[in-house]
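Note sheet for the following structure.
Protein chains in written order, with our numbering: chain E, -18 to 281; chain C, 670 to 1027; chain A, 1387 to 1661.
What follows is the structure, encoded as structure tokens:
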């Protein structure tokens, strides 16, 4: 006992305590749920069997039934559109802004930081604001689009199945662009300035410098940011709750929202768990890509 | 003489990597010992093992008669001066100096007095209320020293303390550290990669390579009688010349592996035909009159610093020798070089161990 | 073009872009000040003709916003406290060593960081029901948020600890301190700013948290402001000025903290996210 105390005070024991407790906590509240999730995806779990540990084992029935449901494929397609659309928008606009703010002028870094308010706001508030902006008859976005002649009739962003998913994508692009921009700015400022001077001496114009120096030097940053974007996009839940609620008729539903909906609206926890397991595998894959692309930096 | 620090059979592994190999070292009380070697030789690991910042894998580490292998650093009563100085940035100079006293529970007034006394010695009296970031490099170095001095530890450990200073200040601090050591009657272990520092400051120099002590002894003994080629090449600047050679048929002469058969008839007693390396320091090579013993070499480059001139020959391996003052030699000339027998070091070509004159 | 003229032009363009980007925020504030009829005017007015300040008092009272915000604050503080206590030491150890185990720990941390709350909520909810934790719903949400956000905190704070030179701790050890003493005396004070900034980021996240609260807190009197806002926005609501007033009162404190500490938050965030 005295040896243990001495080790905690002076030796490796201190490290083990500091790292052991949080990992035990994380195991209990993240590791176990992950495992439990897999278990539940092979069980029938509803309101009545919720409290008991022994539940009917149904094998892969949940998985089979899930893929027989007519809404499954459209929802998975929606998820793909949501992810690709959001990441593309966030990245392109974010990169553009980052390049602009890269040309340093007084106040640039402060203004650039201000953009990040979109990211620190609660997702539900962002959703509420965009819900109002995108409203059909009185939404200010429709007003701008009408005034600029892009549309003649109002778009019912939230209730038209053709647009409902894009309503959430627009809000999500707004929310995530600033974060992309900040990280890309960091990557840009890490490129040594003399590389550009050397390229200048070699006769490269601005366009060529961008393609031959900026982009190649940013490759690992861009990889990390795309992977982070994928992770954040698959975490996005609040905007769906605040803007379309997945509707109308699942036209804007995505897998992560559907999983919650199955469990907490339809009380089919087994099927909710099934979708969760499938999505978790995807997210883990994205995370592995992210860790790989930042690996050398992690090791420092 | 009492031994302040005694290391016997110390080994240290990092996983499969053998960082320290069977280190034996005795440091008497009041000694100034320098650990020197190229980077990665294990000198810092050895120092950190002394301090308790690394644990040793086997062997005995005794400080002032007490086995310290498993003691945490705070129970060893050693003071350390780090290469980066490691001054606590959130404390003033005075707080930095008195930190160890405050941990021990020394009264505030007493600690303050101790700090003032030490500051007077090291010339920091006016800076006690500054923060480290407000000090120059030299001043920071003094704070780091003072922080060690204030404790009256069993020994001082220095980890390349001068490597962040500019050349002039380094030469000055060298003398100052040695003077402080003598004045305090301290025991010091000093790690450096600079052989000049080791030679000028220490009573006892330990030369390490790849986790092994290659040779240890008084500085000039190492210079005069290096035990192997590594030590011979490490000590002295510019570095010793090594010329491949063979022992002559009679066992008394050297056949140098240089253009034109160059044989030197010396008074050796070695196995005939043996492959050896002849080591001669640049300062021991002299220009010999044409009729005297020597070997002829063409000159390729002449570099003069004003006080001395370094001459490089066009041979393989190239040979460097030193002349005082200006030189009348020019590139393209051929000169006859000679040396005195007592200045020649002969090493076995394969083992690189010293052969001549034991 | 001279340097100052160029700078001024760039600043103008930047201000215009910022104005466009932050327009949704402006729209929230403006709408909250509009009257019920002005809100639906066509064309919409971009400055309220007469600011309806009483909307805020009305919404505060009628929606019981004080109670919602109190619950949000309790949940956010609870999560931050738990995360800071557990995560700081973890980040320190992961920053101090570099070996296979630390790499593995970091990998696990990064993996946990990415798990979406909406996917984790199902097993957590069922598990909590079974062990009876749902009888203390706010505590349950705090635990769930702590598990979700701690990895992010660890990643950020680890970057801070990496910037504290190891020699400082070693100097303290040689000076006679124990590991515990050196950690609290030397390492923690030097990492304080980074820890604080990360804690603020976590606070802002937890303050706006929605999924766990929505799923696990049935009792209205214990729900946080995010859930309150969600139930305020029925499918066919027309009270947008009231909703925007609610949103304004909800986010303005967060935005104020952010604008005040912007420089530090941005640098803290960027040092962690890419490393």
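Glycine is no exception: its CB is placed at the ideal position from the N, C-alpha and C atoms.
Minimum length 3: unbroken beta strand (DSSP E) runs contained in the region 69 to 140 of chain E: Within the region 69 to 140 of chain E, no complete beta strand (DSSP E) run reaches 3 residues.
Please state whether DSSP places residue 281 of chain E in a helix, a strand or coil. Confidence at residue 281 of chain E is low in this model, with a pLDDT of 31, below 50, so its placement is unreliable and the value that follows should be read with caution. Note: residue 281 of chain E maps to coil in three-state DSSP.
Backbone secondary structure at residue 1002 of chain C - three-state DSSP: Taken through DSSP and simplified to helix, strand or coil, residue 1002 of chain C comes out as coil.
Using a beta-carbon distance below 8 Å, is residue 988 of chain C in contact with chain D? Any reference to chain D falls outside this structure, whose protein chains are E, C and A.
What's the call for residue 951 of chain C, buried or exposed, on a 16-neighbour Cβ count within 10 Å? Counting of Cβ neighbours within 10 angstroms places residue 951 of chain C among the buried residues, the total reaching 16 or more.
Using only the alpha-carbon positions, how far apart do residue 819 of chain C and residue 767 of chain C sit? If I take the Cα positions, the gap works out to 8 Å.
C-beta neighbour in chain A for residue 1084 of chain C, strict 8 Å: In this structure chain C extends from 670 to 1027, so residue 1084 of chain C is not present and cannot be described.
Where residue 972 of chain C falls, given that 16 or more other Cβ within 10 Å makes a residue buried: When all chains shown are included, residue 972 of chain C counts as exposed.
Between residue 1027 of chain C and chain E, is any beta-carbon pair separated by less than 8 Å? Unreliable positioning characterises residue 1027 of chain C in this predicted model, as indicated by a pLDDT of 45, which lies under 50. The coordinate reading is nonetheless provided below. Taking Cβ atoms only, chain E never reaches closer than 8 Å to residue 1027 of chain C, which makes this a no.
Using the beta-carbon count (16 or more within 10 Å), is residue 130 of chain E buried or exposed? Counting the other CB atoms within 10 Å of its CB gives residue 130 of chain E a total below 16, which places it among the exposed residues.
Excluding sequence positions up to five away, which residues of its chain have a Cβ less than 8 Å from the Cβ of residue 1627 of chain A? Sequence-distant partners of residue 1627 of chain A (beyond 5 residues in either direction) whose C-beta falls short of 8 Å from its own C-beta, in its chain, are 1417, 1418, 1419, 1420, 1421, 1422, 1425, 1438, 1441.
Look at residue 262 of chain E and residue 212 of chain E and say whether their C-beta atoms are less than 8 Å apart. In terms of Cβ geometry, residue 262 of chain E and residue 212 of chain E do not form a close pair [threshold 8 Å].
Residue 739 of chain C in three-state terms, based on DSSP: The three-state reading of DSSP puts residue 739 of chain C in coil, since its state is none of H, G, I, E or B.
Could you spell out where the beta strand (DSSP E) holding residue 690 of chain C opens and where it closes? Per DSSP, residue 690 of chain C belongs to the beta strand (DSSP E) from 686 to 697.
Residue 858 of chain C to residue 737 of chain C span [Cα, whole Å]: Distance between the alpha carbons of residue 858 of chain C and residue 737 of chain C: 17 Å.
Classify residue 863 of chain C as helix, strand or coil using the three-state DSSP reduction. In the structure shown, the three-state DSSP call for residue 863 of chain C is coil.
For a test of the three-state rule: what should DSSP assign to residue 267 of chain E, helix, strand or coil? For residue 267 of chain E, the three-state secondary structure derived from DSSP is helix.
Run through the region 1435 to 1510 of chain A for me and flag every whole alpha helix (DSSP H) of 4 or more residues, listed as ranges in chain order. DSSP runs (the alpha helix (DSSP H)) wholly in the region 1435 to 1510 of chain A: 1440 to 1448, 1451 to 1482, 1486 to 1499.
What did DSSP end up calling residue 759 of chain C once you bin it into helix, strand or coil? Three-state result, residue 759 of chain C: coil.
Specify the secondary structure class of residue 857 of chain C as computed by DSSP and reduced to three states. Under the three-state reduction of DSSP output, residue 857 of chain C falls in the strand class.
Taking C-beta pairs closer than 9 Å, name the residues in chain E that residue 1635 of chain A reaches, listed in chain order. Result: empty, since nearest Cβ-Cβ is about 10 Å, beyond 9 Å.
Using a C-beta cutoff of 8 Å, does residue -9 of chain E count as contacting chain C? The C-beta of residue -9 of chain E comes closer than 8 Å to at least one C-beta of chain C.
Output needed for residue 751 of chain C: all residues of its chain with C-beta closer than 6 Å, excluding positions within five of it in sequence on either side, in chain order. Excluding sequence neighbours, residue 751 of chain C sits near 828.
Label residue 824 of chain C either buried or exposed according to how many other C-beta atoms from any shown protein chain fall within 10 Å of its C-beta, with 16 as the threshold for buried. With 16 or more other CB atoms across the displayed protein chains lying within 10 angstroms of its CB, residue 824 of chain C is buried.
Taking Cβ positions, are residue 897 of chain C and residue 949 of chain C nearer each other than 8 Å? Result no, Cβ atoms of residue 897 of chain C and residue 949 of chain C do not sit closer than 8 Å.
8 Å Cβ cutoff met for residue 218 of chain E and residue 248 of chain E: No, they are not a contact pair.
Span of the beta strand (DSSP E) holding residue 150 of chain E? No beta strand (DSSP E) holds residue 150 of chain E; the alpha helix (DSSP H) holding it covers 145 to 170.
Quick check: the region 1468 to 1476 of chain A against the region 1538 to 1552 of chain A, are there 3 or more CB pairs under 8 Å? With three or more CB-CB distances shorter than 8 Å, the region 1468 to 1476 of chain A counts as touching the region 1538 to 1552 of chain A.
Just verifying my parser: in three-state terms, what is the DSSP assignment at residue 36 of chain E? In the three-state reduction of the DSSP assignment, residue 36 of chain E falls in the coil class, being assigned neither a helical nor a strand state.
What runs of the beta strand (DSSP E), each 3 residues or longer, lie entirely inside the region 750 to 833 of chain C? Fully enclosed beta strand (DSSP E) runs of 3 or longer: 824 to 828.
Does the Cβ of residue 271 of chain E have 16 or more other Cβ atoms within 10 Å, making it buried, or fewer, making it exposed? Under the 10 Å beta carbon count, residue 271 of chain E is surrounded by 16 or more other beta carbons and is classified as buried.
C-beta atoms of residue 1619 of chain A and residue 86 of chain E nearer than 8 Å: Cβ distance not < 8 Å, so residue 1619 of chain A and residue 86 of chain E don't count as in contact.
With distances taken between CB atoms, is the gap from residue 229 of chain E to residue 140 of chain E smaller than 8 Å? Contact: yes.
Would you mind telling me which residues of chain A sit closer than 7 Å to residue 742 of chain C, beta carbon to beta carbon, in chain order? What residue 742 of chain C touches in chain A: 1559, 1560.
Rounded to a whole number of angstroms, what is the C-alpha to C-alpha distance between residue 833 of chain C and residue 753 of chain C? In a straight line, the C-alpha of residue 833 of chain C is about 8 Å away from that of residue 753 of chain C.
Output, in sequence order along the chain, the residues in the region 1636 to 1650 of chain A whose CB is closer than 7 Å to any CB in chain E. Per Cβ criterion, the list reads 1636, 1637, 1640, 1641, 1644, 1648, 1649.
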